[in-house]
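What follows is a single structure, written as structure tokens, with notes after it.
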Amino acid sequence: MSHLIAPSILSADFANLQRDLEMINKSEADWVHVDIMDGMFVPNISFGFPVVHAANKHSTKPLDVHLMIVDPDRYLKAFKDAGAANITVHIEACTHLHRTIQTIRDLGCSAGVALNPHTPVAALEDIIADIDLVALMSVNPGFGGQKFIHNTYKKIKELKKLAEYNNPGLFIEIDGGVDITNAAKLVDAGANVLVAGNSVFSSPNQLSAVAGLKHAHLM
Ligand code: DX5
Ligand code: ZN
């Protein structure tokens, strides 16, 4: 299976969100990445339930919701009700991660765990079999348009190895600073979901920016 592309609407024009979602609908994107920031876990606030609900109304593709919030258990059902297909929580924000994952799955959503750039892949050892997705943060979460952190390649390889026996179908998602210059190398290292905000929405041709990422392969 070829890798998936998840444009991040954090970089969309919020005054024209329907237009930008229609671009994603028409594109070769697979999911819509939805970044939720609470101003506590990360030093920025993005948007909440009404926007997720509105996005879901206009999207023909599954919403991949990335929760950059403290104590996400409080809001899992509300995000499911707003239209989330996947819910990803940060390992650094969950005291009882196993319970949180169970709750996400009981709601009927796919469950993901995100790792900040400094958090080792080995921290996933005892949860890897129970999750659908790992989001490796390749920037410090909080803002779009940041520079890709090179150490991510090493972490992809470690994660691939960790998942090899326990969870061969795992989605390995890379989030932050993904563009046409690193997409092929990330896929080659083992990534199978690429999130892209700035590199898609700042492009003069957003449809071909998505297509470029979708067809990125090393020669
Ligand atoms: C960062 C967010 C990312 C962000 C990626 O905190 O989690 O999903 O939207 O944006 P780019 O592709 O611009 O780095
Ligand atoms: Zn994200």
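Sequential numbering from 1001 applies to the sequence shown in the working numbering.
Where a beta carbon is used, it is the ideal one built from N, C-alpha and C, also for glycine.
Treat the numbers as computed from the prediction; the structure is a model and nothing was measured.
Taking Cβ positions, are V1187 and A1216 nearer each other than 9 Å?
-> yes
Answer yes or no: do A1055 and V1032 have a C-beta to C-beta separation smaller than 9 Å?
-> yes
Would the beta-carbon of S1011 fall within 9 Å of that of V1034?
-> no
Going by beta carbon distance, what residues of the same chain come within less than 6 Å of I1045, once the five residues before and after it are set aside?
-> M1037, G1039
Beta-carbon proximity list for L1013, same chain, < 7 Å, skipping 5 on both sides = Note on identity: in this sequence residue 1013 is Asp, with Leu being the wrong assignment. These residues qualify, in order along the chain: D1020.
What residues are listed by DSSP as bridge partners for M1001?
-> According to DSSP, which records beta bridges pairwise, M1001 is partnered with nothing at all.
Pairwise C-alpha distance: E1022 and S1208 = 14 Å
Take the Cβ of Y1153 as the centre, count every other Cβ of all protein chains shown within 10 Å, and call the residue buried at 16 or more, exposed below.
-> buried
Member of F1047, H1118, K1026 whose CA lies at the smallest distance from the CA of M1068 | F1047
What do you reckon, is the C-beta of G1039 under 8 Å from a heavy atom of ligand 1?
-> no
Helix, strand or coil: how does DSSP classify A1191 here?
-> coil
Starting from T1152, trace the alpha helix (DSSP H) both ways and give me its first and last residue.
-> 1152-1166
Can you tell me which of the three DSSP states V1210 falls into?
-> helix
Give the secondary structure of L1115 by DSSP, where H, G and I count as helix, E and B as strand, and everything else as coil.
-> strand
For the beta strand (DSSP E) containing A1135, list its first residue and its last residue.
-> 1133-1137
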